[in-house]
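This report refers to the structure that appears directly beneath it.
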Amino acid sequence: MSLALDWLRTKRGEDPMIYIDDVFRYAMARLRNREDAEDIACEVVQSLPNPCNRRELRIYMLGVARRKIADQRRRDPEPPNRLDVDPSHRFDSQSDHAAMVESVLGRLSEDHREVLNLKYIVGLSCAEIGSLLGRKSVAIDSLLQRARAAFGAEWTRVTTEEVEW
Amino acid sequence: MNKRNIDELLLTYRESMGTTRKLPITKPAVQAWRRPAYSAAFVVVLMASSAVALWPRNATAKRFQDMTMAIKNARSMVVTGQMQGHSHRWRTISHTMYQDGKVRCENYLGTPIESVSIWSGGLVLTDLKAKPHALLESASNYEGSPLGTDGDGLDYARQLSDEGDAGIERQVTIRSHPPVNGRATYLMIMSRPKSEETGLSYHGEILVDKMTNLPLEIYVGDGGFNAPTKNQNHWLFDFNPHLDIRQFDLTCAKPIVRLENAEQELTGKWSSSLLDYDGLSIRDASVCPDGTIWIAMSRKAGSRGYPFTISCSNGQTYLRTHVLVPSDCWGKRHIYSLRGDQVFVAGFSPLHVGGKLPERVKVSVAKPTVVNAENSSTIQSIYVNELDAEPRTTKNVTMGPTAILDLRKESGKLPSYFVALDLDHFSPQIPRNIWLDRALASERRHDYRSAAMDREQAAEADQSFIPWLGEAELKKAIKLYRLAGLESEAKRTETKLAFLIQKVNR
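If you're matching them up, the sequences are chains L and Y in order.
If you use my numbering, the first sequence corresponds to residues 1 to 165, in order.
If you use my numbering, the second sequence corresponds to residues 1001 to 1506, in order.
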């Protein structure tokens, strides 16, 4: 029924490939493993017709990815860290920061980490996050504030640097 | 206290993820009225594919010949080397410039080996970023030049474009390509399917300027232009640019050490010996601030003597962590010798760091009693294969005399004469090797806590060499901490390992 309504509401469908990188980054932030994240992103795209007439296709795809990640977590609660080496890698400060951010995000609660990922890694608005998580936009705004504060506190604890927003 | 913006931090994190390399193939729903149009397109594609397959072999050979000739006729060249890694971004790893028989190679691969080398007028100036000096030497010290076996700079481009030519069968096809920067181009594709024997495949693509026959870009990997895979190589060519000739000057902001002069000076310094035994002469004994004692020796042809053990009044146990020869692992034509005698340096590191540096050292020399032809040929085989860092038996050696030598104190991390022995490029890996030998020795003594700590130190030292090597050391350290019953230390090291993996995986 929902698909039929979508068909009526949307004149032209969208190519799911447009959002593959958003899905990939979200999965990468959740799983911390490039190969698994790429697999999830591919599975999500392949599960959809092209063009796809769904409303809010990006949100829908992220929802599918969330379910797939949850399934994977259930199957493999602690996936092993896989080291896949890039010989040309240089340890510059940007790379250090990225690794540190990942580490700090890993110390936050599931709710805080999720909302920060969706806001900053995927780039969703509060309303979109609310739609995805089944919460009100105001509640997401408040959760985001708390998540930022938690991130800042953890960052300061680890690096002795203050965080502002 | 520094202030960071949360947006900036999380954006850095987002950027570091790159984009997905794996692209799914989706099946579009085909509407009935479109089928005839697709069928027509299929026929066109089929005809085009047949044309590629039926392209005469001599035509592709001629294209190669034309390109080689065009390269040979170029006056100057800049090649930018790029490598694709995990982040799906191309990283520039080198710049190679050529003009009038002069070559400048800039290598950005990693801090320890980040370097600039300039080949000009029969001389080579090497500036390793990690070193406080640059080294000037004769080009004849090297086997060939950095750009090709025949020393011709432009031969480098030819070799890159002709990769896989050495007796390896490959399929070469030529396809049209859209213009690049207003230049008409075509694409040469060289591929070989995965070999069942070696498991290796090959795929190279050369984008060629139709007017000049000069290559513009070369990709080599197991994918293609639009199929990014790990560790693809990519070279961008610019032929006949106007290059500032001053780039090829043999000058450097750092002090320049002339290798020949350094060698002569060292020969003068090592004219007398501190101990002689069966053709072996100890020339120098020094101690570095980390406590490592370095014994420099020369040995006459046919001699099999070598320093067996050392001991100091500080009661420390010493491990023979290194046996180095001049220009070690460098593959040079010229290797320093002391008036024809082979030179080598043995490094002895204390098992545990700290404490007062020793003033004197007691050195015992020995020679193997039973030596077969295989391991008598080189000193390395005797040390590495038979004795490792610690001699565990005296069964197969004849002990020689013992001498007490005064130790010369070195201020640097390594002996100053390493420059004259052309060991600059080898030195970044020495600290990690020392920690690993310590770890192994502690493990043999069932001192798992020390062994774990030494592994951790080796991982730290890897940060100044090849950072991802530290992963194996930290994993081993975790196991060792657990063996020692130190669960909290194991957990701490696990956090450290996770951080390293995150860093490396970016």
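Even glycine gets a Cβ: it sits at the ideal position worked out from N, Cα and C.
The ligand FMN heavy atom lying under 7 Å from the CB of residue i
i	result
Pro1431(Y)	No copy of the ligand FMN occurs in the structure displayed, which carries no ligand at all.
Classification of residue i by the beta-carbon crowding that lies within 10 angstroms, buried from 16 upward
i	result
Ala1451(Y)	buried
Lys68(L)	buried
Gln1342(Y)	buried
Ala1441(Y)	buried
Ser1411(Y)	exposed
His1322(Y)	buried
Ser1313(Y)	exposed
Gly1355(Y)	exposed
Asn1005(Y)	exposed
Gln1171(Y)	exposed
Ala1061(Y)	exposed
Gly1153(Y)	Legend: pLDDT at Gly1153(Y) = 48, less than 50; position of this residue unreliable, value from coordinates given subsequently. With 16 or more Cβ atoms within 10 Å of its Cβ, Gly1153(Y) is classed as buried.
Asp1406(Y)	exposed
Ser1271(Y)	exposed
Ser1427(Y)	buried
Gly1167(Y)	Only weak support is given to the placement of Gly1167(Y): the predicted model assigns it a pLDDT of 45, under 50, and the value that follows is read from those uncertain coordinates. With fewer than 16 other Cβ atoms within 10 Å, it is exposed.
Ala1459(Y)	buried
Glu1143(Y)	exposed
Ser1176(Y)	exposed
Ser1488(Y)	exposed
Asn1181(Y)	exposed
Val1208(Y)	buried
Val138(L)	exposed
Ser1115(Y)	buried
Glu1359(Y)	exposed
Gly1291(Y)	buried
Residues near residue i by beta carbon distance below 6 Å, same chain, minus five either side
i	result
Leu1236(Y)	Thr1080 and Glu1217
Phe1348(Y)	Ile1293, Ile1310, Tyr1318 and Arg1320
Val23(L)	Ala41, Val44, Met61 and Ala65
Ala1041(Y)	Caution is warranted here: a pLDDT of 39 is assigned to Ala1041(Y), below 50, making its placement in the model unreliable, and the coordinate value is therefore given only provisionally. Hits under 6 Å: none found.
Arg25(L)	Ile121
Glu154(L)	Val104 and Arg107
Val1325(Y)	Phe1344
Pro1289(Y)	none
Ile18(L)	none
Ser1122(Y)	The question names Ser, but residue 1122(Y) is Gly in the sequence shown. Result list for Gly1122(Y): Ala1139, in chain order.
Gly1470(Y)	Ala1459, Asp1462 and Leu1500
Ile1434(Y)	Thr1321 and Ser1349
Pro1255(Y)	His1133
Ser1327(Y)	Ile1335 and Asp1422
Neighbourhood of residue i by C-beta, 8 Å cutoff - its chain only, sequence neighbours within 5 removed
i	result
Met1211(Y)	Arg1183 and Ala1184
Gly1305(Y)	Tyr1277, Asp1278, Gly1279, Leu1280, Arg1299, Val1365, Ala1366, Lys1367 and Gly1400
Glu1456(Y)	Glu1473, Leu1474, Ala1477, Thr1493 and Lys1496
Ser1416(Y)	Glu1410
Leu132(L)	Ile59, Leu62, Gly63, Arg66, Leu118 and Leu124
Leu1275(Y)	Ser1281, Ile1282, Val1363, Val1365, Pro1401, Ala1403 and Leu1405
Glu1443(Y)	Ala1451 and Leu1480
Glu56(L)	Glu128 and Ser131
Pro16(L)	Val44, Val45, Leu48, Asn50, Cys52, Leu57 and Met61
Ser109(L)	Ala150
Gln1082(Y)	Trp1090, Arg1091, Thr1092, Ile1093, Asn1233, His1234, Trp1235 and Leu1236
Assumed close pair residue i, residue j - CB separation to whole angstroms, cut-off 8 Å
i	j	result
Ala1472(Y)	Tyr1481(Y)	Between Tyr1481(Y) and Ala1472(Y) the Cβ distance is about 15 Å, and since that is not below 8 Å, they are no contact.
Arg1438(Y)	Leu1351(Y)	6 Å
Ile1118(Y)	Leu1125(Y)	5 Å
Leu1357(Y)	Leu1259(Y)	That belief does not hold up - the Cβ atoms of Leu1357(Y) and Leu1259(Y) are roughly 30 Å apart, past 8 Å.
Own chain partners of residue i with C-beta closer than 7 Å, once the 5 adjacent residues on each side are dropped
i	result
Ser1049(Y)	With a pLDDT of only 39 at Ser1049(Y), under 50, the local geometry of the prediction cannot be trusted, and the value read off the model is given with reservation. Around Ser1049(Y): no qualifying Cβ.
Asn1141(Y)	Lys1332, Arg1333 and His1334
Lys136(L)	Gly130
Pro1179(Y)	Thr1185
Cutoff 8 Å: residue i Cβ touching any chain A Cβ
i	result
Ile1189(Y)	Annotation note: the requested chain A is absent from the structure, which comprises protein chains L and Y.
>> Measuring CB atoms only, is the region 1443 to 1450 of chain Y touching the region 1414 to 1425 of chain Y, in the sense that at least three cross pairs come out at less than 8 Å?
In response: no
> Can you list, in chain order, the stretches of the alpha helix (DSSP H) that have 4 or more residues and sit fully within the region 105 to 159 of chain L?
Replying inline: 110 to 116, 126 to 133 and 137 to 159
> Would the region 1239 to 1248 of chain Y and the region 1261 to 1272 of chain Y be scored as touching if the rule is three or more Cβ pairs under 8 Å?
Replying inline: Because the criterion of three Cβ pairs below 8 Å is not met, the region 1239 to 1248 of chain Y and the region 1261 to 1272 of chain Y do not touch.
> Taking only runs of the beta strand (DSSP E) that begin and end inside the region 1266 to 1290 of chain Y, which ones reach a length of at least 3 residues, in chain order?
Replying inline: 1275 to 1277 and 1280 to 1287
> Is it a yes or a no for the region 148 to 163 of chain L touching the region 1016 to 1024 of chain Y, going by three-plus beta-carbon pairs under 8 Å?
Replying inline: no
>> So within the region 1461 to 1489 of chain Y, which uninterrupted alpha helix (DSSP H) runs reach at least 4 residues, ignoring any that extend past its ends?
In response: 1470 to 1483
>> Give the list of continuous beta strand (DSSP E) stretches no shorter than 3 residues that lie fully inside the region 1 to 63 of chain L.
In response: List check, beta strand (DSSP E) in window: nothing returned.
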